[in-house]
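Here the structure comes first, spelled out in structure tokens, and everything after it is commentary.
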Amino acid sequence: MHPQREIIRPVSLDEADALAPLTWASYRSLLSLADPDARRLCRPCAVAAWDGDRPAGLTLSAVSPGRPLEAGEQTLLSLSVARPWRRHGLALRLLAALEQALPALGVRHLAVSYSSRLPAADAFTATLRAAGWPPPEPSRLRICGAVRDTVAVFRDRDSLMTRMKAEGLRLWSWRERGAEAEALATGRNEAPAWAQPSHWRAMLDPDLSLVIGAAGGQAGDGADAGDEIVGWALCVHQPDLSRWFFPVGWVRPPFDRRAWLMGAYAEGAERLAARHGGDAVAVIETGSGQPGMWRLFERRFEPHVHWTDRMMSSERLLAP
Numbered sequence: 001m002h003p004q005r006e007i008i009r010p011v012s013l014d015e016a017d018a019l020a021p022l023t024w025a026s027y028r029s030l031l032s033l034a035d036p037d038a039r040r041l042c043r044p045c046a047v048a049a050w051d052g053d054r055p056a057g058l059t060l061s062a063v064s065p066g067r068p069l070e071a072g073e074q075t076l077l078s079l080s081v082a083r084p085w086r087r088h089g090l091a092l093r094l095l096a097a098l099e100q101a102l103p104a105l106g107v108r109h110l111a112v113s114y115s116s117r118l119p120a121a122d123a124f125t126a127t128l129r130a131a132g133w134p135p136p137e138p139s140r141l142r143i144c145g146a147v148r149d150t151v152a153v154f155r156d157r158d159s160l161m162t163r164m165k166a167e168g169l170r171l172w173s174w175r176e177r178g179a180e181a182e183a184l185a186t187g188r189n190e191a192p193a194w195a196q197p198s199h200w201r202a203m204l205d206p207d208l209s210l211v212i213g214a215a216g217g218q219a220g221d222g223a224d225a226g227d228e229i230v231g232w233a234l235c236v237h238q239p240d241l242s243r244w245f246f247p248v249g250w251v252r253p254p255f256d257r258r259a260w261l262m263g264a265y266a267e268g269a270e271r272l273a274a275r276h277g278g279d280a281v282a283v284i285e286t287g288s289g290q291p292g293m294w295r296l297f298e299r300r301f302e303p304h305v306h307w308t309d310r311m312m313s314s315e316r317l318l319a320p
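Okay, structure coming up:
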């Protein structure tokens, strides 16, 4: 029987380098984050297991992206155990230690979201189940493929766009009318939390991100003085992954019933191909709150893409 000789305790800043291999590269800076203002904004919480001076495991969480501090929510970013210490319940003990540490930071909810393509997805799901978490459910559907294949999906693009423009669809780049779209998102408070563009503001491409509008005059008359902004489709360049990511697409009711979001994606794919060539890789996603788009992605896109995955999500209320 494996002895539980590991010591589990909070991580100090001077241990960041030793623990860095146990989390994703994009999260390593959270381990060494020393600036008080930066720490206050994301409130990272890291707990590690040590066997003597050897790091055996690490779990890390931070404030949920785009969520206010007062919401009392954090996201579980990583939970990993080094190979020699696996299969002995250490992951469960690490997760329990993190959950015990978070209420002192004002955290009441801990959420997690991970890809169904994650190599250890099944093992991680089993760990959550053993820890008493609600069963993870698909929250987002992502598809990835060369943009020329995405354009091919819209084989009837010209007639699609002609019909939508006749119905009143208008499209502008974020550079042209993004400020107005953000004002709509924050001022009228119609867009759900997941659709807010503010989280992506510093990353989005201003020419490939699109603002969706409805003609203010008679449909198809070309007038734009009274055009109304009704949604957006955001695009972010991810050079480290050599791809273009469309993380958010949203159209407010009743315009969401007109397939205008699909028209925006069709136009986005066309612009991306024109600027960066047909080999450019695009990732588009939709959420469980958009069941129509989810079904459309499965029916129209999935047969043509390089890969597809579901983001599995769960959330736990922490004991005070």
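1 is the number of the first residue of the sequence shown in the UniProt record's numbering; add one for each residue after it. The C-beta atom is built at its ideal place from N, Cα and C for all residues, glycine as well. Keep in mind it's a predicted model, so treat the numbers as computed, not measured.
Can you tell which of the options has the C-alpha that lies nearest to the C-alpha of residue i?
{"i": "Asp149", "options": "Ala273, Ser314, Ala20, Leu317", "result": "Ala273"}
{"i": "Glu167", "options": "Trp260, Ala123, Ser314", "result": "Trp260"}
{"i": "Arg252", "options": "Ala179, Leu19, Ala191", "result": "Ala191"}
{"i": "Ala56", "options": "Gly72, Leu69, Arg87", "result": "Arg87"}
{"i": "Ser209", "options": "Leu241, Ser242, Ala282", "result": "Ala282"}
{"i": "Glu270", "options": "Glu99, Arg129, Asp158, Gly287", "result": "Asp158"}
{"i": "Val147", "options": "His304, Asp17, Ser314", "result": "His304"}
{"i": "Ala266", "options": "Pro103, Asp279, Ile284", "result": "Ile284"}
{"i": "Ser61", "options": "Arg243, Asp35, His109, Asp17", "result": "His109"}
{"i": "Pro320", "options": "Asp35, Ala101, Leu77", "result": "Ala101"}
{"i": "Leu69", "options": "Leu41, Gly145, Leu77, Trp85", "result": "Leu41"}
{"i": "Leu22", "options": "Trp85, Arg39, Gly72, Ala71", "result": "Trp85"}
Taking all protein chains shown into account, decide if residue i is buried (16 or more other Cβ within 10 angstroms of its Cβ) or exposed.
{"i": "Thr186", "result": "exposed"}
{"i": "Ser64", "result": "buried"}
{"i": "Gly222", "result": "Low per-residue confidence applies at Gly222: pLDDT is 40, beneath 50, and the placement is therefore not dependable enough to give any value."}
{"i": "Asp37", "result": "exposed"}
{"i": "Asp53", "result": "exposed"}
{"i": "Ser26", "result": "exposed"}
{"i": "Pro197", "result": "buried"}
{"i": "Asp205", "result": "buried"}
{"i": "Leu241", "result": "exposed"}
{"i": "Ser314", "result": "buried"}
{"i": "Thr308", "result": "buried"}
{"i": "Leu13", "result": "exposed"}
Are residue i and residue j touching if we call contact CB-CB under 9 Å?
{"i": "Ile7", "j": "Val47", "result": "no"}
{"i": "Phe255", "j": "Leu141", "result": "no"}
{"i": "Met262", "j": "Leu160", "result": "yes"}
{"i": "Thr59", "j": "Ala97", "result": "yes"}
{"i": "residue 376", "j": "Pro136", "result": "Within the shown structure, residues of the chain are numbered from 1 to 320, placing residue 376 beyond reach of any answer."}
{"i": "Asp207", "j": "Arg175", "result": "yes"}
{"i": "Ala264", "j": "Ile229", "result": "no"}
{"i": "Trp133", "j": "Arg316", "result": "yes"}
{"i": "Gly249", "j": "Gly277", "result": "no"}
{"i": "Gly287", "j": "Ser139", "result": "yes"}
{"i": "Ala123", "j": "Tyr114", "result": "no"}
{"i": "Gly145", "j": "His306", "result": "yes"}
{"i": "Arg28", "j": "Ala34", "result": "no"}
{"i": "Gln74", "j": "Leu118", "result": "no"}
{"i": "Leu77", "j": "Trp24", "result": "yes"}
{"i": "Ala280", "j": "Arg243", "result": "yes"}
Residue i CB to nearest chain C CB: under 9 Å?
{"i": "Met164", "result": "Checking the listed chains, one finds no chain C in this structure; it contains a single protein chain."}
Can you give the beta carbon distance from residue i to residue j, rounded, assuming they're within the 8 Å contact cut?
{"i": "Pro44", "j": "Leu30", "result": "4 Å"}
{"i": "Leu79", "j": "Leu90", "result": "At roughly 10 Å, the Cβ-Cβ gap does not stay under 8 Å, so Leu79 and Leu90 are not in contact."}
{"i": "residue 326", "j": "Glu99", "result": "It is not possible to answer for residue 326, since the shown part of the chain is limited to 1 through 320."}
{"i": "Gln238", "j": "Phe246", "result": "About 11 Å separates the two Cβ atoms, so there is no contact after all."}
{"i": "residue 326", "j": "Trp172", "result": "What is shown of the chain runs 1 to 320, which leaves residue 326 out entirely."}
{"i": "Trp200", "j": "Val236", "result": "6 Å"}
{"i": "Arg5", "j": "Asp51", "result": "6 Å"}
{"i": "Leu92", "j": "Ala49", "result": "Leu92 to Ala49, Cβ: 11 Å. No contact."}
{"i": "Ser116", "j": "Met312", "result": "6 Å"}
What residues match up with residue i in a beta bridge as DSSP calls it?
{"i": "Phe301", "result": "For Phe301, which the question treats as bridged, DSSP gives no partner whatsoever."}
{"i": "Cys45", "result": "Ser61"}
{"i": "Thr75", "result": "Ala62, Ala111"}
{"i": "Pro138", "result": "Met312"}
{"i": "His237", "result": "Trp244"}
{"i": "Trp172", "result": "Val211"}
Please find out if some non-hydrogen atom of the ligand GDP comes closer than 8 Å to the beta-carbon of residue i.
{"i": "Asp279", "result": "Among the components modelled here there is no ligand, and therefore nothing to report on the ligand GDP."}
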